[in-house]
């Protein structure tokens, strides 16, 4: 009988991806929000040190994590738009060193109250990540401006950017991503919805 570790690394990585990848539903597609979530099987990480070393990067680098509303990349949780953020278990770097491997972030930014972070902290947290999704919202119409979005002006090297929500932010996003003329480009590209 063959041992799991005798399989080629490429096959083991495909198995890890199947067990540890949770593709988030598209919040813009109502049908995907009602579909049952794909369960994760992180118990595979406890089998032995080699499997842990091979599979941990897949768990953290290929899934999207919800950023903490005030602490940014401290205490993230696995992103699932069908689950209320307060019901998601949070992890920290002190209890799980794999947190530093997270490459895909989702952040819900409130526009009608002062920012909880500085521009420097935002740049430190999100510069160089693979994907950053920012959902903007406000508690009442006209309750806030784009000051919070301006804090993201120092973030660089993000491969894919998505910004959406309840604010007329298109002009500000173009200015942040492409400069004052509003043309695209600037930080490595990205999709803006």
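Residue numbers (full-length UniProt numbering): 1 to 193.
Just so it is clear, CB atoms sit at the ideal spot from N, CA and C, and this is done for glycine as well.
Asked, Found
"Contact between the region 58 to 65 and the region 113 to 129 (3+ Cβ pairs under 8 angstroms)", "no"
"Continuous beta strand (DSSP E) stretch holding residue 43: start and end", "Per DSSP, residue 43 belongs to no beta strand (DSSP E) and is neither H nor E."
"For residue 134, three-class secondary structure by DSSP", "strand"
"Cβ contact (3+ pairs, closer than 8 angstroms) linking the region 68 to 80 and the region 42 to 54", "no"
"Residue range of the beta strand (DSSP E) that includes residue 56", "Note, residue 56: premise wrong, no beta strand (DSSP E); alpha helix (DSSP H) at 49 to 61."
"Per-residue DSSP class, three states only, for residue 68", "strand"
"For residue 107, the first and last residue of its enclosing beta strand (DSSP E)", "104 to 110"
"Candidates 9, 41 and 11: closest to residue 19 by CA position", "41"
"From 139, 132 and 107, residue whose alpha carbon lies closest to that of residue 157", "132"
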